[in-house]
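Enquirer: Chains as they are written, first to last, in our numbering: chain A, 711 to 849; chain B, 711 to 849. Next up is a structure, given as structure tokens.
Number of protein chains: 2
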Amino acid sequence: MTIMISAQPVEIPGMLEARGISATRQRREIARVLLGKAQHVTAEQLMDELALHGQAISKATVYNTLKLFVDKGLLREVHVDATRTVYDTTTTPHHHFYNADSGQLSDIPLEEVAITALPNPPEGTVSEGVDVIVRIRNR
Amino acid sequence: MTIMISAQPVEIPGMLEARGISATRQRREIARVLLGKAQHVTAEQLMDELALHGQAISKATVYNTLKLFVDKGLLREVHVDATRTVYDTTTTPHHHFYNADSGQLSDIPLEEVAITALPNPPEGTVSEGVDVIVRIRNR
DNA sequence: TTAATTGCAAACATTTTGCAGGTTC
DNA sequence: GAACCTGCAAAATGTTTGCAATTAA
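Shown next as structure tokens:
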């Protein structure tokens, strides 16, 4: 049996510091689990995942950290379901399929959607971005 | 002072029955407040509005009725904010501006958005529709 | 008169908060 | 050692549920 003590890449603390996030143990752990691969995760799924690896982190800290990572541009929130917030590790602009049957989200690369007409934002406002959600259902 | 007792159009009960909804007092009242004009309303706003007209309806019934109206195609749910469900009285396909500062939603008519490329839905799924949300911010 | 509907209060689920104790620089 | 961070438990929010009383067909 192999015992893995802190098998995290050296890059993680650096990546956090680069965003002005001090790299505490909990934040490194969450970064290791979440970042580095494209995925959509809820707070609960993250807590389960952490617990599975014997790295349980309190609810408060998980929520604090998710919010911090969103503020610092490491994560994006996606709202498709009224009940929970999904955190998306892909922070560059892109779109989503949302499977209404399974609740699953999947990414659509930006270049696969072409929007050739859009109205101007109302007076006094500026556009921050466009989200396209293609609602799908199992056949 | 004018006392208005049940100043609702005759059409409402008919509109409800046409959808297989029996027209109870509460449902007629909610239909009267909501339907017939394009708007975006939360459950709480609806309850406040009803209370304001001396027609308070219990939370359970408001939620039951909103869900019923959605099932029967009189309303659409919109999810832009993690915390609450917004009910949209416009049930035909269209898109939205979402003001992240004020939380305000506004409609974009279908024809003002042109999408000229979209990927095919994943194997085993079919598309149910496309929602475009233009996130805006006060200048 | 039988089934459907309502309303209350309690239950739920997710997220936030207050604060005491720990950690970091 | 000062500021920041964590974790617990409790609070807050929005929504749902169980069930007895009421209303509708």
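Beta carbons: idealized from backbone N, C-alpha and C, even for Gly. Source: prediction; values computed, not measured.
Hey, could you find the ends of the beta strand (DSSP E) B:ARG737 is sitting in?
Expert: Looking up residue 737 of chain B in the second sequence gives position 27. First-last for B:ARG737: 735-744, but that is the alpha helix (DSSP H), not the beta strand (DSSP E).
Enquirer: By DSSP, does A:PRO803 sit in helix, in strand, or in coil?
Expert: Counting from 1 along the first sequence, the entry for residue 803 of chain A is found at position 93. The answer is coil: DSSP assigns A:PRO803 none of H, G, I, E or B.
Enquirer: Check B:SER722 in the structure and name its three-state DSSP category.
Expert: Walking along the second sequence from the start, residue 722 of chain B turns up at place 12. Reading the sequence as shown, one finds Ile at residue 722 of chain B and not Ser. Looking at B:ILE722 - three-state DSSP - the assignment turns out to be helix.
Enquirer: Would you say the beta carbon of B:THR835 comes nearer than 7 Å to a heavy atom of the ligand ATP?
Expert: Among the ligands in the structure shown, none appear at all, so the ligand ATP cannot be discussed.
Enquirer: Can you tell me where the alpha helix (DSSP H) holding B:ASP811 begins and where it ends?
Expert: To locate residue 811 of chain B, count along the second sequence from 1; it is residue 101. It is not in any alpha helix (DSSP H) - B:ASP811 carries neither H nor E in the DSSP assignment.
Enquirer: Is there a Cβ of chain A sitting closer than 8 Å to that of B:GLY839, yes or no?
Expert: Translated into positions along the second sequence, residue 839 of chain B becomes position 129. Chain A contact via Cβ: present.
Enquirer: Three Cβ pairs or more, each shorter than 8 Å: is that satisfied between the region 751-760 of chain B and the region 822-838 of chain A?
Expert: The answer is no - the region 822-838 of chain A does not touch the region 751-760 of chain B, with fewer than three Cβ pairs under 8 Å.
Enquirer: Going straight from the alpha carbon of A:ARG786 to that of A:THR801, what length do you get?
Expert: On the first sequence, position 76 is the one that residue 786 of chain A refers to. On the first sequence, position 91 is the one that residue 801 of chain A refers to. About 6 Å.
Enquirer: Is any beta-carbon of chain A found at less than 8 Å from that of B:ILE731?
Expert: For the purposes of this step, residue 731 of chain B is identified with residue 21 of the second sequence, where counting begins at 1. No, because no Cβ of chain A sits closer than 8 Å to the Cβ of B:ILE731.
Enquirer: Residues bridged to A:THR752 by DSSP?
Expert: Taking the first residue of the first sequence as 1, we reach residue 752 of chain A at position 42. Beta-bridge pairing links A:THR752 to A:VAL796.
Enquirer: Closer than 8 Å, CB to CB, is A:GLY834 near chain B or not?
Expert: One-based indexing of the first sequence puts residue 834 of chain A at position 124. Closer than 8 Å to some Cβ of chain B, the Cβ of A:GLY834 qualifies, so yes.
Enquirer: For A:THR775, go through chain B and note every residue whose CB falls closer than 7 Å to its CB, in chain order.
Expert: Within the first sequence, residue 775 of chain A is the residue found at index 65, counting from 1. What A:THR775 touches in chain B: nothing, since even the nearest Cβ is about 17 Å away.
Enquirer: What does the alpha-carbon distance come out to for the pair B:ILE846 and A:LEU784?
Expert: Taking the first residue of the second sequence as position 1, residue 846 of chain B is located at position 136. Taking the first residue of the first sequence as position 1, residue 784 of chain A is located at position 74. Going from the Cα of B:ILE846 to the Cα of A:LEU784 covers about 21 Å.
Enquirer: Among the residues of its own chain, which have a CB less than 6 Å from the CB of A:GLN765, if the five just before and after it don't count?
Expert: As a working mapping, residue 765 of chain A is identified with position 55 in the first sequence. So the qualifying residues of the chain are GLU739.
Enquirer: Could you list which residues in chain A have their beta carbon closer than 8 Å to that of B:ASP791, in chain order?
Expert: Position 81 of the second sequence, counting from 1, holds the residue named residue 791 of chain B. Those within 8 Å of B:ASP791 in chain A are HIS789.
Enquirer: Terminal residues of the continuous alpha helix (DSSP H) containing B:VAL772?
Expert: As a position in the second sequence, residue 772 of chain B is number 62, starting the count at 1. Its alpha helix (DSSP H) spans residues 769-781.
Enquirer: Is B:PRO829 close to chain A? Criterion is C-beta to C-beta, closer than 8 Å.
Expert: What you label residue 829 of chain B is simply residue 119 of the second sequence in a count that begins at 1. So yes, B:PRO829 belongs to the interface.
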